[in-house]
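See below for the structure under consideration.
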Amino acid sequence: MELTNEFNLKKIERSAKDYLSKLDLQKMIDDSSDKRDKIMFIEGPPTLNGEPHAGHLRGRVFKDLWYRFNTLNSKNVIFNAGWDTQGLPVELQAEKELGITNGKSGITTQQQIENLVTQCKKIVSKFHQKWIDVDKKLGMSLNQENAYWTYKDEYIEREWQLLKRAHENDILTEGYRVVAYCPSCQTSLSHSEVNQGYEMVQDPSLYYKVKLQDEDVYLIVWTTMPFTLVTDAMVGFNPDEEYVYVSANNETWIVGKIRLEEFMKEAKVEDYKVLKTVNGSEFEGKKYTHPLLGDISGLEKMSKLENYHIAVAEKFVDVNAGTGIVHLSPANGEDDYNIAMKRKVEIFSPIDDEVKFTEDAGKYAGMFVRDADEKIVQDIKDKNALVRIGKIKHKYPLCWRSQHKLVWLARREYFYMLDRLDDKAIDAAQKVEYFFDQPKNRFLEIIKEKHPWCISRERFWGCPIPIWKCTECENIERLFSRKEI
60 MELTNEFNLK KIERSAKDYL SKLDLQKMID DSSDKRDKIM FIEGPPTLNG
110 EPHAGHLRGR VFKDLWYRFN TLNSKNVIFN AGWDTQGLPV ELQAEKELGI
160 TNGKSGITTQ QQIENLVTQC KKIVSKFHQK WIDVDKKLGM SLNQENAYWT
210 YKDEYIEREW QLLKRAHEND ILTEGYRVVA YCPSCQTSLS HSEVNQGYEM
260 VQDPSLYYKV KLQDEDVYLI VWTTMPFTLV TDAMVGFNPD EEYVYVSANN
310 ETWIVGKIRL EEFMKEAKVE DYKVLKTVNG SEFEGKKYTH PLLGDISGLE
360 KMSKLENYHI AVAEKFVDVN AGTGIVHLSP ANGEDDYNIA MKRKVEIFSP
410 IDDEVKFTED AGKYAGMFVR DADEKIVQDI KDKNALVRIG KIKHKYPLCW
460 RSQHKLVWLA RREYFYMLDR LDDKAIDAAQ KVEYFFDQPK NRFLEIIKEK
510 HPWCISRERF WGCPIPIWKC TECENIERLF SRKEI
């Protein structure tokens with residue numbers, strides 16, 4: 060390639076590309092590869108739902124520099140490309156292009172599913188070509204002929220083999236648990252995804268009262284999510300802490316002793332008198348009457364159960380927040396759910412995939428749950444059960460994709476039970492050589508926590524979980540290869 064005095068970037072670029080094309084540098088490298096030590100590069104694949112931007116280009120240039128440096132240092136680098144083609148980014152783009160505005164709820168027929176999948180493949184093909192064009196301009200050395208594609212059968216079948224091993228080792232399980240759910244993406248998130256998105260938000264701070272059935276007294280309960288009163292099942296006390304009976308507003312209230320003074324300031328109650336002090340354990344098993352039973356048909360049926368709408372004494376209850384008495388909704392809280400399972404309390408969850416209340420929620424049916432907050436507060440007020448409504452700023456998780464507030468929902472999902480691995484995953488992760496401490500520490504923190512890892516996403520464009528369950532006899536078939544299917 061000749062050097063000239065003329066500075067024309069386009070011309071120089073064309074000349075360089077022509078020169079490298081004629082040189083066939085890759086063939087020269089491949090011809091000498093048998094004499095080199097082999098190392099494998101695993102491409103962290105770009106998602107094919109959009110055009111590459113400056114950040115993508117920077118990352119790809121760094122990868123290529125790594126390849127060239129190691130090649131010049133007599134290494135045989137297996138430098139295959141990879142393309143992330145499945146998952147929410149592509150599916151949400153397809154929904155947008157097809158004019159689907161209510162997410163997966165708007166896809167109910169087999170033909171609609173086929174249309175969505177076809178559109179996803181078109182998007183992947185379109186943006187793949189754009190990425191290839193950019194890679195050529197950058198002079199990338201990635202081997203495109205041996206690239207892996209996450210939506211192709213051979214790749215999915217390899218994923219199935221990992222699922223098979225997890226099943227054989229009793230790590231893969233199906234279960235009904237509370238998971239973080241994004242109303243916008245209409246899918247669950249894993250525990251590690253939730254931890255990516257905590258931000259300061261403003262929520263309601265609701266104090267309301269419920270009457271004990273065997274005493275003429277009211278429990279003053281606190282929550283930051285009024286909509287969960289629809290799925291209310293228990294109220295929690297700390298068994299080791301003290302609670303006080305207080306005469307206020309011509310009624311007898313029960314609140315945590317530690318929070319009494321601050322709570323009364325928040326409630327703007329100046330004239331009150333402490334009548335007696337008891338331990339939280341004394342409220343164990345007491346039944347109370349929910350103030351909105353007449354408005355929520357499904358909850359009214361649940362309240363007739365002996366083991367429902369009861370006070371429970373549990374050590375996780377924080378007496379330094381609210382009134383020290385917390386509302387527990389097993390359908391919308393992980394700790395709440397675990398307490399319900401331990402105590403054999405049934406789960407009432409009248410919430411659909413769009414995070415809207417179903418008919419069992421009575422007058423709130425059809426409402427997006429967060430939109431029901433204001434209505435529920437007003438109804439609490441109308442029932443003379445409102446003590447105080449205010450605002451609170453606190454950290455709350457947002458979906459890292461949509462930036463929408465997450466909602467905790469009880470759903471049937473598939474999980475990797477990381478606690479069943481003992482310390483094998485931790486030991487393996489610590490043997491890896493990391494270049495930076497931050498990703499190392501974050502990854503180790505996730506697996507050390509051993510929280511059940513939700514792997515199912517309940518969407519159409521992703522790796523299918525090859526498990527079939529008969530709805531009549533409940534027989535389960537697990538087919539982890541195309542040959543078995």
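Quick note: the sequence shown uses my numbering, first residue 60, plus one each step. Beta carbons are placed, not taken as given, at the ideal position from N, Cα and C, and that holds for glycine. Remember, predicted model here, so these are calculated numbers, not experimental data.
From what residue to what residue does the beta strand (DSSP E) around Ala469 run?
From DSSP, the beta strand (DSSP E) with Ala469 extends over Val466 to Tyr475.
If you count every other CB in all the chains shown that lies within 10 Å of the CB of Leu124, and 16 or more means buried, which is it?
With fewer than 16 other Cβ atoms within 10 Å, it is exposed.
Three-state secondary structure (DSSP) of Gly256
The answer is coil: DSSP assigns Gly256 none of H, G, I, E or B.
Output the distance between the C-alpha atoms of Glu19 and Leu222, rounded to the nearest integer angstrom.
Residue 19 lies beyond the stretch modelled for the chain, which goes from 60 to 544, so this question has no answer here.
Alpha-carbon spacing of Gln511 relative to Ile398, whole angstroms:
Checking the sequence shown, residue 511 turns out to be Pro, not Gln. Between Pro511 and Ile398, the C-alpha separation is close to 17 Å.
Within this structure, are the beta carbons of Gln272 and Lys346 separated by less than 8 Å?
Going by C-beta atoms, Gln272 is nearer than 8 Å to Lys346.
With DSSP collapsed to three states, give me the class of Arg541.
Arg541: coil per DSSP, three-state reduction.
What first and last residue would you give for the alpha helix (DSSP H) that runs through Cys179?
It spans Gln169 to Leu197 - the alpha helix (DSSP H) in which Cys179 sits, taken as one unbroken run.
What separation, rounded to the nearest whole angstrom, lies between the Cα atoms of Leu503 and Asp478?
Just so you know, the alpha carbons of Leu503 and Asp478 end up roughly 14 Å apart.
Report yes or no: do three or more beta-carbon pairs, one from the region 193-206 and one from the region 444-461, lie closer than 8 Å?
Contact between the region 193-206 and the region 444-461 is absent: fewer than three C-beta pairs spanning the two stretches fall below 8 Å.
Determine the DSSP secondary structure at Thr530, reduced to helix, strand or coil.
The DSSP-derived three-state label of Thr530 is coil.
Helix, strand or coil at Gln489 according to DSSP, with G and I counted as helix
Of the three classes helix, strand and coil, the one that applies to Gln489 here is helix, per DSSP.
Take Lys520 as the anchor and find which of His187, His386, Glu150 and Asp96 has the nearest alpha-carbon.
Reading off the sequence, residue 520 comes out as Trp, not Lys. For Trp520, the nearest C-alpha among the options comes from Glu150.
Which partner residues of Asp394 appear in the DSSP bridge assignment?
Residue pairing of Asp394 in beta bridges, as defined by DSSP: absent, with no partner found.
Could you say which of Val404, Ser251 and Lys196 lies nearest to Arg73 if we only look at CA atoms?
Residue Lys196 is the option with its Cα nearest to Arg73.
Taking just the CA atoms, how far does Ile88 sit from Ser515?
Distance between the alpha carbons of Ser515 and Ile88: 42 Å.
Any idea if Glu365 is buried or exposed, counting beta-carbon neighbours within 10 angstroms, 16 or more meaning buried?
With fewer than 16 other Cβ atoms from the protein chains shown falling within 10 Å of its own Cβ, Glu365 counts as exposed.
Have a look at the DSSP bridge pairing and note the partners of Leu201.
According to DSSP, which records beta bridges pairwise, Leu201 is partnered with nothing at all.
Quick test of your reading: Lys415 and Met426, contact by CB under 8 Å. State the CB separation rounded to the nearest angstrom.
Contact flag correct, Cβ pair sits at about 6 Å.
Contact between the region 396-412 and the region 280-300: three or more CB pairs below 8 Å?
Touching, per the Cβ criterion.
If you count every other CB in all the chains shown that lies within 10 Å of the CB of Phe138, and 16 or more means buried, which is it?
Buried, because 16 or more other Cβ atoms sit within 10 Å of the Cβ of Phe138.
Within the present structure, is the beta-carbon of Gln489 separated from the nearest heavy atom of the ligand SAM by less than 7 Å?
Ligands in the displayed structure: none, and consequently the ligand SAM is not present.
Just checking my contact of Val269 with Tyr302 at CB under 8 Å: how many whole Å lie between their CB atoms?
Contact flag wrong, Cβ pair sits at about 14 Å.
According to the Cβ coordinates, are Cys522 and Ile71 closer than 8 Å?
No; because the gap between Cβ atoms is not below 8 Å, this pair is not in contact.
Report the partner residues of Pro263 according to the DSSP bridge assignment.
Paired residue(s): Lys450.
Thinking just about the alpha-carbon of each residue, which of Glu329, Gly103 and Phe121 is nearest to the one in Ala206?
Nearest of Glu329, Gly103 and Phe121 to Ala206, Cα basis: Gly103.
Which two residues bound the contiguous alpha helix (DSSP H) that contains Ser80?
Note, Ser80: alpha helix (DSSP H), Leu68 to Leu82.
Rounded C-beta distance between Val328 and Asn308? I'm assuming under 8 Å.
In this structure Val328 touches Asn308 by the C-beta definition: roughly 7 Å separates them, less than 8 Å.
Trp459: which of Leu131, Asp482, Ser243 and Leu82 sits nearest, CA to CA?
Nearest option by C-alpha distance: Ser243.
With distances taken Cα to Cα, identify the nearest neighbour of His112 among Phe186, Phe66 and Gln85.
Nearest to His112 by C-alpha distance, out of Phe186, Phe66 and Gln85, is Phe186.
Which residue wins for smallest C-alpha separation from Pro148, given the options Asn534, Arg518 and Ser540?
Ranking the options by Cα distance to Pro148, first place goes to Arg518.
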